[in-house]
Amino acid sequence: MTDFSPQLSRIATIRHGFGDKSALLPDNLKPYQASQANKKQVHGTTIVDVTAPGQECGAADGLYTTQAGILLTVLTADCLPVIFSQRQGKAIAVVHAGWRGLLDGIILKMVERIARDDDPANWVAAVGPAARSCCYEVNEELVEQFIKQLPLAKNIISPRFRHLNLAAIAEHQLQGAGIPQIDRVGNCTICTTAPHDEGHFKYTSFRRTSQQQAIDPTHPGIKGRNQYSGLIILP
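Just so we're aligned, residue 432 is where the sequence shown starts under our numbering, counting upward by one.
Listed below in structure tokens is the structure:
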């Protein structure tokens, strides 16, 4: 069942959604798929302005547009999808943020791009399904790198030993950069089970799939099964 942001749902001029295994691209966005801006996500901090439907954006992990009729999406399978809209739906943006992107400041770079056109306080953001701190275990060196580089309390970055809280880091970065209204949407991509479907998971997860493949090498990979999150200003 597709996840939606309550705040973004109030903006009448846009459509949005966060995909899952049952609908990799949310059903309400499928009619606009042909307009989708195309990019190669590389865990970087490049943001591209999209000005035409179907634009080829190259290597980029953030997209921004003020044009109606262009679907902006990100693909994720444990990383954070973050989607943005101006309160009147006059501009939208998306960001793919894994731990590298968060550490390197892609969210802050997107807010800087927004600020070139508008006050970020006029925007809302939604942080979607991703690996949560319940399951996202990393090495101690990476946790220490986050604590050293980011001006956030240790319990926000890592509420459990060797676990990162990507969603909380993103929320604090957004608030600190001037976007006050943020929804946290969906659940942990690693452990959340599908409703009414015992033994099956709701989201595609790279981490969970890798763990299953270590036990059973014949277990299928996730190629072609990442979930899309995105939004469009209605044409």
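Backbone N, C-alpha and C fix where the C-beta goes; we use that ideal spot for every residue, glycine too.
Computed from a predicted model, the values in this text were never measured in an experiment.
Exposed or buried, residue i, counting other C-beta atoms within 10 Å across all chains shown (16 or more means buried)?
i	result
ASP434	buried
SER516	buried
PHE592	exposed
HIS631	exposed
GLY652	exposed
ASN586	exposed
ARG544	buried
Using the Cα positions of residue i and residue j, report the straight-line distance between them to the nearest angstrom.
i	j	result
ILE445	LYS461	14 angstroms
VAL555	PRO648	43 angstroms
GLY529	ILE613	18 angstroms
LYS521	THR497	6 angstroms
ASN469	GLY448	18 angstroms
GLN519	ILE442	6 angstroms
VAL616	VAL558	6 angstroms
HIS650	GLN643	7 angstroms
ALA561	ILE588	15 angstroms
ILE537	ASP492	8 angstroms
ASP480	SER436	24 angstroms
LEU539	GLU572	23 angstroms
ARG656	PRO551	33 angstroms
ARG639	LEU502	29 angstroms
HIS474	ASP549	26 angstroms
HIS431	CYS622	In the structure as shown, the chain starts at 432 and stops at 666, and residue 431 therefore has no counterpart that could be examined.
THR476	GLY532	6 angstroms
ALA454	VAL574	33 angstroms
Any heavy atom of the ligand NAP closer than 8 angstroms to the CB of residue i?
i	result
GLN643	With respect to the ligand NAP, the structure shown offers nothing to examine, as it has no ligands at all.
Across which residues does DSSP place residue i in a beta bridge pair?
i	result
ASN469	GLU487
VAL479	LEU494
GLY448	GLY661
PRO512	HIS527
ASP614	ALA557
HIS474	Paired residues: none, contrary to the question.
GLN517	TRP554
HIS594	GLU568 and ARG591
ASP434	PHE449
Compute the beta-carbon to beta-carbon distance between residue i and residue j, rounded to the nearest angstrom, for a pair I have assumed lies under 8 angstroms.
i	j	result
LEU581	ILE600	7 angstroms
ARG563	ALA598	7 angstroms
LEU534	GLN576	7 angstroms
GLN659	LEU439	Note on identity: in this sequence residue 659 is Tyr, with Gln being the wrong assignment. The pair is not a contact, with the Cβ atoms about 15 angstroms apart (cut-off 8 angstroms).
Between which two residues does the alpha helix (DSSP H) carrying residue i extend?
i	result
HIS603	597-607
GLN643	637-646
GLN464	Neither: GLN464 is in no alpha helix (DSSP H) and is coded neither H nor E.
ILE621	Segment: none, ILE621 is in no alpha helix (DSSP H) and carries neither H nor E.
PRO437	437-440
Looking at the secondary structure, which residues open and close the beta strand (DSSP E) in which residue i lies?
i	result
PRO551	Element bounds for PRO551: n/a, residue is neither H nor E.
THR507	503-507
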